[in-house]
Structures are given as C-alpha cells and as structure tokens.
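Accompanying notes for the structure given below.
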Amino acid sequence: MNVNLAAAPTTFDMLHLGLAILAALFFVLFLVKQRSSGNVVVKENIAAAPDAVKPIVEPPKPIQLKEATPDAALQLLTLLQQEARFIDFTQEDLAGYSDADIGAAARVVHEGSKKALETYFTLAAVREEDEESRITLPIGFNASEVRLTGNVVGEAPFTGSLIHKGWKVTDIRLPKLADGHDTSIVAPAEVEL
C-alpha cells in the first residue's frame with residue numbers, strides 16, 4: 001500500500017487519532033470474540049435412484065448469539081491504560097494543547113499500545129499477498145476472513161484488488177485473573193503518601 005505523505009493534513013487531528021485507536025481496540029476485541037460462521041451443510045441422498053445421487057441442501061441453522069462477558073475487554077482496556085495511558089489520553093481535553101504537545105503524547109500512546117499488543121497477542125496477516133495486488137477468491141472462501149467492498153454482484157469466484165491484508169490473532173497471552181478481581185476498575189486511583 002502506497003501512502004502519499006504530501007496528502008497528510010498540515011495540523012495533527014487528535015479526534016481521528018483517537019478514533020483510529022478505538023477502532024483498533026474494538027477490532028482486536030472482535031477478533032478475540034469472533035467465532036466461526038455456520039456453513040450450509042450438503043448431504044447426499046442415499047435413497048435416490050442408484051444411477052443418480054442428488055445432493056440435499058439443508059437450510060442453515062439459526063445463528064445462536066452468545067453474550068460476551070466484559071472481563072476480557074476490560075482486561076485489555078486495563079493493559080492499554082497501564083502501558084499507554086490510553087484512557088488518560090482519550091479523556092483529556094486537548095483544546096488547550098499545541099499540535100506538537102498532542103503529537104508527543106500520541107507517540108507515547110502509540111508506543112505503549114504497540115507494546116501491549118505485542119506482549120499479550122500474536123498477530124498475523126489474514127492474506128499474504130501484497131496490498132494492491134489482484135487476487136481471486138474461490139467458491140467457498142471464508143467470509144469472516146475477507147470483507148468484500150465495492151460493486152459486489154453475483155457469486156464467487158470474485159477477483160479484485162487487495163486493499164488491506166487484514167489481521168488475525170493467532171495467540172492470546174492475557175494474564176490470569178484472581179478470584180474476586182474487579183475488572184471494572186481499569187485504572188485505580190493513586191494516592192501518594
């Protein structure tokens with residue numbers, strides 16, 4: 001993917017940086033909680049005429065939604081606060097700060113967030129091809145790994161340009177929680193004596 005640095009805004013836009021960090025957080029949480037989607041099951045009709053076996057397509061089972069427990073999300077938010085002061089940064093009123101000050105703070109949040117992700121998650125690209133290369137998605141491709149955009153018409157195989165390789169979590173190493181630990185406290189108050 002080529003980035004045109006000349007097209008970058010002349011001022012640092014913290015709202016967009018905050019939104020990007022939140023989007024990354026929610027994407028990681030989505031990947032952690034994601035479950036495989038149900039596929040259409042095809043069974044062969046054994047009772048059919050011996051000279052022709054006709055497949056029977058069963059309707060997909062209704063999607064069972066399970067309620068996500070907030071503990072893992074709160075734990076990740078706690079780790080981002082510890083390593084990157086993420087909550088402090090997003091809750092701060094930035095109106096009185098210069099772009100240089102905000103940029104310096106954003107660098108700390110970025111480095112700390114990266115450290116937290118690398119410490120507790122192993123990330124890998126969903127697709128190995130180069131971005132902007134042409135790829136073909138075969139019939140039966142995993143729709144949870146690839147999101148089709150643009151003019152989506154018809155059925156697979158689809159051929160298009162890879163805009164983003166995507167990310168998937170291949171390993172999670174979140175710290176274990178003690179019984180009775182209150183995960184809703186993502187940053188305890190600090191009192192200096």
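Number 168 in our numbering belongs to position 168 of the sequence shown; there are no gaps in the numbering.
Yeah, the Cβ is synthetic: ideal placement off N, Cα and C, and Gly gets one too.
Only exposed fits L65, as fewer than 16 other CB atoms lie within 10 angstroms of its CB. Residues T170, D171 of the same chain have their beta carbon placed closer than 6 Å to that of T122, with the five preceding and five following residues left out of the count.
Pairing T159 with R127 gives a Cβ-Cβ distance that is not under 9 Å.
In the three-state DSSP reduction, S113 falls in the helix class (H, G or I).
DSSP, read as helix, strand or coil, puts T78 in helix. Exclusion of the five residues before and after K165 leaves A125, V126, R127, E128, E129, E131 as the residues of its chain whose Cβ lies within less than 8 Å of its Cβ. Nearest in C-alpha terms to L76, of all of T136, N151, E118, is E118. Around the C-beta of A156, fewer than 16 other C-beta atoms lie within 10 Å, and the residue is accordingly described as exposed. With respect to the C-alpha of S184, the residue from I21, E67, A73, A106 having the closest C-alpha is A73.
For T183, no beta strand (DSSP E) encloses it, and the DSSP letter there is neither H nor E. The three-state reading of DSSP puts G150 in coil, since its state is none of H, G, I, E or B.
One thing to note: K115 has its Cβ no nearer than 9 Å to the Cβ of A143. For I87, the enclosing alpha helix (DSSP H) stretches over residues 86-91.
Between the alpha carbons of D101 and L177 lies a distance of about 36 Å.
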